[in-house]
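>
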């Protein structure tokens, strides 16, 4: 079972002060509190600074291609539904390059937890706009400021039918940890959009900027009310809510598929002849 | 026994039930023990256009379409384009109430197909059943066999529909049976052997995958590969195989890689265009050493090309696809039967070496069907090449990417209680963790991965030699062209032109040792369905020998034996 010591301590490639540290600490904390069997857990990531997170844990991991963490995670979960499958990648990876997979994984409602380190900027490629950059955000590429409307991950996820949609902030370890714990427990696709500063390339949305705006959703927020959830999901500017924005239940892919109800695919017997002898007579 | 070699071509618009007719006829002949080869030429549309389905029925093994047609069922006016394939003994079945058939020296059999269907309790859509009856009437085929097959195909639930169809077929049968005075077609009355299986190319690949224990396919529909996922989907409940229609081909391969990493046998399938989207994922399979089977069913390209026709244009693409250097095996099945065994073998090799294995087929294989006596399961062993429980228990400090002499690292699966399993698309050390150690680890890892090529060169099988052992003139082929080439060889040798076929199924990596024959023969020509002679070029790359005699067909249609012979003789006259 997970304990802080056995999760390990690794030297990282992150900049000092990076929000990724906060997320990593929270991930560890959540794993310990969930008492996860790390041997039954797989972390999947794409490419980017955030996607390096699995490298800094003692765990099973698949560090795949840029934008393709969600399909890999989907395949892992389909093959072995008994594994906890957790994706950790950045906003460029999940919302940009992997946008199509984000849409369809939510539609499938595959039981994976996706933690998006959302710093509204591309770090590893040195400071270009990301799909979530605020309008007007000036970079070396968007020299006159971003003119595209930002991608709104939470409202998009709710619209697509995601059943667990949450937002957190890298400056609050306990909060992220709680969101991750709830997301992992949720049976279906869970999204945790984690706002975080990029100390090197995003001089606008910095720690103080977030700190001044973020507030925790209280008990008065009904996460089961879809319209209210939309309202909170779209709230951005002077006040930014964090917490479980939307919570609903519908059958996960593994439950709906019907072919892995009792046993995970990997635990099923598929010896060839026994399996297909009976269907060969259909060709006669 | 009388030698039978008869081709029936059913021509008409999409939506007229050409495929249903062709299937029914083929199964009827197969049921009586005949050898059958069927293929279809279709346009990329749902309704209309001009398509045809041809059934060749023989008393001996047949693997290719013929260039002449003995019975032409003309269901639309466009069908007159096939008149040039007819002989003076050929018979055309048509309905003059629908269109005026162009003049021909062949024998016409004018049947009011739609009216007969309507008069016998059906509707005009069932014209095709009347035509099937008429064809079998001309051949004096056993009508009871047809009735049985119709019943079987509708099942007990639709007995009424089956009865109507039987009645309609019989009406067609009676209108043709001994009604054509100068009918010189062979009669196919007698059963010639045990019923044979009649299997399509896509089905054969799917069956091979099932036999190999494949439990998962993610794919995006694309002609001519779609039949594989469709067939697997039809068997998902019986065979417990999960079929996931992915959002795009990029997802297809990445989902398959995830499933393979977690330990089930997984595959994907597409045509060249879809595979182009998978290429980054192919490279990921190479880097993470994740075993996966990818079927590339070729069609004419570039870009969208001719979606429903055939080609062998993607050989060089497939062997080179993917950025960076990593090993792969590319197998091009020679026949539909071959496709079963090769697909099963692909899964074993993929796991033995932890590499991607590509099955390179094409529309000609995918959309053809052939009679097969039986599939031999003794030839299909599932070899998972995984670490045993015992090995896992005792392993200390497991490393997913351990550097070994063979280049293959022992494979554990995530979820085991003893060790962690890792995969990284970044360059990594033996533990699978990112590294930028360019002095030692990077070169060692490159060498380790590419050392697998030495093993693969040993796995690569020599070409099949078909024809006289001592022939000094050879045709060289690869993949799906085997059927037409084999027939060309038979015909050439019957004409006392001593010629052999050297045919490759394992097309990458190529082993130079397998080309020793080139030094012994006097004349060699490479035949393939592409313009630039890709395989001929690969031979040069492997052996240094330039083969300038090439036969290339690239209009989207498969080879016919007669045209190969013509081209071959032309080259012999010029250069031989």
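Residue numbers (our numbering), protein chains in the order written: chain A, 19 to 302; chain B, 57 to 632. Built from N, CA and C at the ideal position, the CB exists for glycine as well.
Given a cut-off of 8 Å, decide if residue 275 of chain B and residue 227 of chain B are closer than it, judged by their beta-carbon atoms.
no
> Judging by CA-CA distance, which residue of B:543, B:556, B:494 and B:597 is the nearest neighbour of residue 619 of chain B?
B:543
> Using a Cβ-Cβ cutoff of 9 Å, what residues of the segment 315 to 328 of chain B are near chain A? List them in chain order.
315, 316, 317, 318, 319, 320, 321 and 322
> Here's a check: name, in chain order, each residue in its chain whose Cβ is nearer than 8 Å to the Cβ of residue 187 of chain B, leaving out the five neighbours to either side.
66, 77, 129, 131, 149, 167, 169 and 228
> Taking a cut of 7 Å between CB atoms, which residues from the segment 200 to 217 of chain B lie near chain A?
none
> I'd like to know if the segment 229 to 242 of chain A and the segment 148 to 156 of chain A are in contact, where contact means that at least 3 CB-CB pairs between them fall below 8 Å.
no
> What are the boundary residues of the beta strand (DSSP E) that residue 122 of chain A is part of?
No beta strand (DSSP E) holds residue 122 of chain A; the alpha helix (DSSP H) holding it covers 117 to 126.
> Skipping 5 residues on each side, what residues in its chain have a beta carbon closer than 7 Å to that of residue 59 of chain B?
115
> Give, in chain order, every residue of the segment 31 to 49 of chain A whose Cβ lies closer than 7 Å to some Cβ of chain B.
none
> Helix, strand or coil for residue 433 of chain B, going by three-state DSSP, please let me know.
Here residue 433 of chain B sits in helix by DSSP.
> May I have the straight-line CA-CA distance separating residue 289 of chain A from residue 334 of chain B, to the nearest angstrom?
29 Å
> Would you mind working out which of A:264, A:278 and A:35 sits nearest residue 293 of chain B, comparing C-alpha positions?
When only C-alpha atoms are compared, the closest one is A:278.
> Does the distance from the CB of residue 539 of chain B to the CB of residue 391 of chain B come in under 8 Å?
Yes, Cβ-Cβ distance for residue 539 of chain B and residue 391 of chain B is below 8 Å.
> Any idea what DSSP makes of residue 109 of chain A, helix, strand or coil?
helix
> Quick one, are the C-beta atoms of residue 448 of chain B and residue 474 of chain B less than 8 Å apart?
Yes, they are a contact pair.
> Measuring CA to CA, which of A:64, A:77, A:137 and A:269 is closest to residue 223 of chain A?
The shortest Cα separation from residue 223 of chain A among A:64, A:77, A:137 and A:269 belongs to A:137.
> Check whether the segment 401 to 416 of chain B and the segment 341 to 357 of chain B are in contact - that is, three or more C-beta pairs closer than 8 Å.
yes
> Closest Cβ-Cβ distance between residue 60 of chain A and chain B: below 8 Å?
The Cβ of residue 60 of chain A sits closer than 8 Å to at least one Cβ of chain B.
> Going by C-alpha distance, which of B:163, B:182, B:164 and B:162 is nearest residue 29 of chain B?
Summary: the structure shown does not reach residue 29 of chain B, with chain B confined to residues 57 through 632, and so no result is reported for it.
> Which residues does DSSP pair with residue 96 of chain B in a beta bridge?
B:109
> Based on DSSP bridge pairs, tell me the residues matched to residue 418 of chain B.
Beta bridge pairing from DSSP links residue 418 of chain B with B:354.
> Taking contact to mean 3 or more Cβ pairs, one atom from each stretch, closer than 8 Å, check whether the segment 150 to 164 of chain B and the segment 193 to 201 of chain B are in contact.
no
> I'd like to know whether the C-beta of residue 251 of chain B is nearer than 8 Å to at least one C-beta of chain A.
True, the Cβ-Cβ gap to chain A drops below 8 Å.
> Could you say which of B:242, B:343 and B:101 lies nearest to residue 488 of chain B if we only look at CA atoms?
Of B:242, B:343 and B:101, the residue nearest in Cα terms is B:343.
> Quick one: does residue 307 of chain B have its CB under 8 Å from some CB of chain A?
yes
> Taking only beta-carbon positions, decide if residue 107 of chain B is within less than 8 Å of chain A.
no
> Since residue 270 of chain B and residue 353 of chain B should fall inside the 8 Å C-beta cutoff, what is the C-beta to C-beta distance between them, to a whole number of angstroms?
17 Å between Cβ atoms; not a contact.
> Is there contact here, the segment 186 to 201 of chain A with the segment 110 to 124 of chain A, by at least three beta-carbon pairs under 8 Å?
Verdict: no, contact absent.
> What residue range is occupied by the uninterrupted alpha helix (DSSP H) comprising residue 278 of chain B?
Residue 278 of chain B -> no alpha helix (DSSP H), and no H or E assigned at all.
> How many angstroms separate the CA atom of residue 695 of chain B from the CA atom of residue 273 of chain B?
No information on residue 695 of chain B is available, as it lies outside the stretch 57 to 632 that chain B covers here.
> Identify the continuous beta strand (DSSP E) that holds residue 521 of chain B and give its terminal residues.
520 to 522
> Might you give, ordered along the chain, the residues of its own chain that have their beta carbon closer than 7 Å to the beta carbon of residue 519 of chain B, omitting 5 neighbours on each side?
558, 559, 560 and 570
> Using 8 Å as the cut-off, can you tell me whether the segment 269 to 283 of chain A makes contact with the segment 215 to 222 of chain B, which would need three or more C-beta pairs spanning the two stretches below that distance?
Look at the beta carbons and you see the segment 269 to 283 of chain A not touching the segment 215 to 222 of chain B: under three pairs across the two are nearer than 8 Å.
> Take residue 28 of chain A as the anchor and find which of A:19, A:21, A:37 and A:42 has the nearest alpha-carbon.
A:42
> Would you say residue 78 of chain B reaches chain A, if we count a Cβ-Cβ gap shorter than 8 Å as a contact?
Among the CB atoms of chain A, none fall inside 8 Å of the CB of residue 78 of chain B.
> Does the CB of residue 135 of chain A have a neighbour CB from chain B at under 8 Å?
no
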